[in-house]
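Residue numbers (our numbering): 115 to 189.
Put into structure tokens, the structure is as follows:
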């Protein structure tokens, strides 16, 4: 069985495939390691665990940023 060509995959499927490491998220948010792990631990930033590795989908990072922007605008 072969997988479908990339053009057949929907955008949602492609979004899920983009995973970031904790150091990549640290660089994008300009936060330290502890701060990123606090966001992960509190559930503010979604992630998955693959073995011992923690990965953050890019859409989860985008959702987190949008939520924080909305939160700041509301206050």
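Cβ coordinates follow ideal geometry from the N, Cα and C atoms, glycine included.
Secondary structure of residue i, DSSP reduced to three states
i: residue 160; result: coil
i: residue 133; result: strand
i: residue 155; result: helix
i: residue 166; result: coil
Rounded separation between residue i and residue j - CA only
i: residue 183; j: residue 142; result: 16 Å
i: residue 151; j: residue 187; result: 25 Å
i: residue 135; j: residue 185; result: 25 Å
i: residue 133; j: residue 146; result: 19 Å
i: residue 155; j: residue 148; result: 10 Å
i: residue 139; j: residue 158; result: 13 Å
i: residue 176; j: residue 166; result: 24 Å
Counted within 10 angstroms of its Cβ, other Cβ atoms place residue i as buried (16 or more) or exposed
i: residue 164; result: exposed
i: residue 170; result: buried
i: residue 161; result: buried
i: residue 181; result: exposed
i: residue 174; result: buried
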